[in-house]
Structures are given as C-alpha cells and as structure tokens.
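The structure under discussion appears below in the form of structure tokens.
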Amino acid sequence: MKSMVRVLAERYELEKIIGEGGMATVWRARDSRLDRPVAVKLMADKISNDADFRARFLQEARAAASISHPNIVDVLDYGEEDGIPYMVMELVDGEDLRSRLARDGRLQPDEVARIGAGVARGLSVAHRRGLIHRDIKPANILIDAEGTPKLTDFGIVRALGSATQTKAGMTLGSVHYLSPEQVQGTTVDERSDIYSLGVVLYEATTGERPFDDDAPAAVAVRRLSETPRPPHAVEPSIPQWLSAVIERAMQRDPERRYRTASELEHDLATRHPPRAAAEALEATAAIKPRFRHKRKGAPDSCRSWPPSSRPSV
Numbered sequence: 414m415k416s417m418v419r420v421l422a423e424r425y426e427l428e429k430i431i432g433e434g435g436m437a438t439v440w441r442a443r444d445s446r447l448d449r450p451v452a453v454k455l456m457a458d459k460i461s462n463d464a465d466f467r468a469r470f471l472q473e474a475r476a477a478a479s480i481s482h483p484n485i486v487d488v489l490d491y492g493e494e495d496g497i498p499y500m501v502m503e504l505v506d507g508e509d510l511r512s513r514l515a516r517d518g519r520l521q522p523d524e525v526a527r528i529g530a531g532v533a534r535g536l537s538v539a540h541r542r543g544l545i546h547r548d549i550k551p552a553n554i555l556i557d558a559e560g561t562p563k564l565t566d567f568g569i570v571r572a573l574g575s576a577t578q579t580k581a582g583m584t585l586g587s588v589h590y591l592s593p594e595q596v597q598g599t600t601v602d603e604r605s606d607i608y609s610l611g612v613v614l615y616e617a618t619t620g621e622r623p624f625d626d627d628a629p630a631a632v633a634v635r636r637l638s639e640t641p642r643p644p645h646a647v648e649p650s651i652p653q654w655l656s657a658v659i660e661r662a663m664q665r666d667p668e669r670r671y672r673t674a675s676e677l678e679h680d681l682a683t684r685h686p687p688r689a690a691a692e693a694l695e696a697t698a699a700i701k702p703r704f705r706h707k708r709k710g711a712p713d714s715c716r717s718w719p720p721s722s723r724p725s726v
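Under the numbering used here, the residues of the sequence shown are numbered 414 to 726, in order.
Structure (structure tokens):
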C-alpha cells in the first residue's frame, strides 16, 4: 500500500496478509459495520498507477460481484482508496487446492470428479453471463470446511468479446495452466477456461502437471506441439472414463474440447465419458472371441483352428 492506512472505506480493518501475487495482495480483514471476517484484495502498488489497470480491476470487480453461486467466492464490495482499487470477498474457511495437492499428492478419482464438477458448475454460470476467468489453477480453487470447491480470483476475468481489455502482447494467467490460444495470444472464449480446468484435473489425478519444465517458455512451446500422456497411462488406477473426460477438456484444438462448462460438469457429475470415448469403450467391450464349431460331416476347412493346431483325438 502507498500509505500505512489499515482501514478501508472507514469500514474494513486489515489484519494480516493471507495471499500475494503479481497483481494484488489479499488481506484477512474485519467488516466493522457487519462485524464479520472478510477477505480484501488490494491492487499492487506497481500497477496501481496505470489508469487502464485500475479501470479494468474495478470493472472486473463489478462483473464478479454480479455472480452469486455456491461454487464461486462471493464479491461483497469494491471501491478505491487513496488511488488503490480494492475488492471485498467472503472469507472462505478452508484451503486452496494447491496446498491440498502439495500436502496429499494426487487425489482419489471420485474426489477429483466432485471438485471438477463443482468448479465447472460455477464456470458455467460465469460463462452464461458472458464472463471468462482466464486464470484457472489450483491456487484459485478453494475447498471450504464442508468440502465445497469455490472458484476465486476473478482478477483477470474479462467480458467475452472485449478484446480491448488486454493490452497487446500481454499474456495473463499462470503458464502451466494456460490454454494454447492464450499462449499464442489469440482470441479466447469459454473453452479456454475448460482447457485450464482440464490441466488442473490432470494434475489432481496423476500428481504431476502435463507439461512441466523449469523454463516457462519451454512449457508454453510444449503445450503447442506435444500431446500429454493420457492420465490413465500415467496412473493405471485412474478410471478410463475420467481419463477420457480430462483428455477431451485438454484438446489443443478448441473445436475438439467440450463446447460448454455445463457439458464438462455433466460428464464429471454422472461419471460418464465423452460420447466418442463412450462409444469406443462400448465397442471394445462388445468384441468377444467367436469360435465356429465344425458341423457334423462338414469338411475340415470349416474348422475354427488351422490344421496344424487340431486337437488330438
């Protein structure tokens, strides 16, 4: 902060920092008017002097505040104090998915499906309002005390079709979870969020990220040129239906991904593979060895074994 002010808008008493990023700092605070704990997100000093960033931050806070859903962290208030924009959110009692994965490693398939379905459900609401998140990653998925996943940090969300809200040449989001179109700097839509959620689910099921490298540039290049191993090939205990769902969400070509977050949520909630994968699995299950038996008096050419392997009599 530019000053040592500890109270925002004569209402929000800042207590301690609970999260920091390149664009903002998140504080645990108390709403003195309603006597309740809240989380306050303050834009970082280094970008608060940029009028465009300030305007976008407040516009996005307004957009996020318009969404009310159990799988999205509520934005309660927003404003500007001493030239620094802020956003007030519900304080979630729990931990983020990044911390959970760091502690426990990969999760059980049923839990991955439940968390993924919840996040997809929240995304579908945002998408229907014409908003895309653009920074889906484990750190932005909170798990509350009841186990409900909540998507947070709509700090770089933008309205669909509002291309002017991102400065030319700027890539927003975390490189390990960016969609190919984000890496290339081309137009993104809701399918970009679906790809990023697919990467999160891949990591949660296998315990590793699909494109992992110490160099961010290498991660980006690999995402554009390589196809990751299917989750069930990395960890055989992963059900093939879940592996197929994740693979479809992570298709490089947006046209081959789920069209909507609702479709992804449906397959995760019902434990059902994508249609093409389901048909392939059913076809595989339907293939059974078929043996022809020699009819009485039929020539040897009708037997189901070659002459050299005839059983002795």
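Note that CB positions come from ideal geometry on N, CA and C, so glycine has one too.
**Request:** Please classify ASP602: does DSSP put it in a helix, a strand, or coil?
**Result:** Numbered from 1 along the sequence shown, position 189 holds the residue referred to as residue 602. In the structure shown, ASP602 sits in coil (DSSP, three-state: anything other than H, G, I, E or B).
**Message:** Measuring only the C-alpha atoms, how far is GLU660 from LEU544?
**Reply:** By 1-based counting over the sequence shown, the position of residue 660 is 247. By 1-based counting over the sequence shown, the position of residue 544 is 131. If you draw a straight line from the Cα of GLU660 to the Cα of LEU544, it comes to about 24 Å.
**Request:** Taking PRO687 and VAL658 to be in contact with their CB atoms under 8 Å, please state how far apart those CB atoms are, rounded to whole angstroms.
**Result:** Here residue 687 is taken as the residue at index 274 of the sequence shown, counted from 1. Here residue 658 is taken as the residue at index 245 of the sequence shown, counted from 1. Right, the Cβ-Cβ distance comes to about 6 Å (below 8 Å), so this counts as a contact.
**Item:** Residues that PRO593 bridges to, as DSSP identifies them
**Value:** If you number the sequence shown from 1, residue 593 lands on position 180. Bridge partners of PRO593: none, in fact.
**Message:** What residue range does the alpha helix (DSSP H) around ARG441 cover?
**Reply:** Taking the first residue of the sequence shown as 1, we reach residue 441 at position 28. Taken as a continuous stretch (DSSP letters only), ARG441 belongs to no alpha helix (DSSP H), being part of the beta strand (DSSP E) at 437 to 444.
**Request:** Determine, using beta-carbon pairs with one atom in the stretch 493 to 510 and one in the stretch 586 to 598, whether at least three such pairs fall under 8 Å.
**Result:** No, because fewer than three Cβ pairs between the stretch 493 to 510 and the stretch 586 to 598 fall closer than 8 Å, the two stretches do not touch.
**Item:** Segment contact, 8 Å Cβ cut-off, at least three pairs: the stretch 593 to 607 with the stretch 552 to 566
**Value:** Verdict: no, contact absent.
**Request:** Could you give the DSSP three-state label for VAL525: helix, strand or coil?
**Result:** Within the sequence shown, numbered from 1, the residue matching residue 525 stands at position 112. VAL525 falls in the helix class under three-state DSSP.
**Request:** Give me the Cα-Cα distance between GLY582 and ASP448, rounded to the nearest whole angstrom.
**Result:** Locating residue 582 in the sequence shown gives position 169, counting from the first residue. Locating residue 448 in the sequence shown gives position 35, counting from the first residue. Only weak support is given to the placement of GLY582: the predicted model assigns it a pLDDT of 39, under 50, and the question is left unresolved by the model.
**Item:** C-alpha gap between PRO641 and ARG446, whole angstroms
**Value:** Reading the sequence shown from its first residue, position 228 is the one you call residue 641. Reading the sequence shown from its first residue, position 33 is the one you call residue 446. Taking the straight line joining both Cα atoms gives about 51 Å.
**Message:** Determine whether the beta carbon atoms of ARG665 and ARG622 lie at a separation below 9 Å.
**Reply:** Looking up residue 665 in the sequence shown gives position 252. Looking up residue 622 in the sequence shown gives position 209. No, the pair does not count as a contact, with Cβ atoms beyond the cut-off.
**Prompt:** Taking only runs of the beta strand (DSSP E) that begin and end inside the stretch 432 to 508, which ones reach a length of at least 3 residues, in chain order?
**Reply:** Entirely contained in the stretch 432 to 508, the beta strand (DSSP E) runs reaching 3 residues are, in chain order, 437 to 444, 449 to 456, 488 to 494 and 497 to 503.
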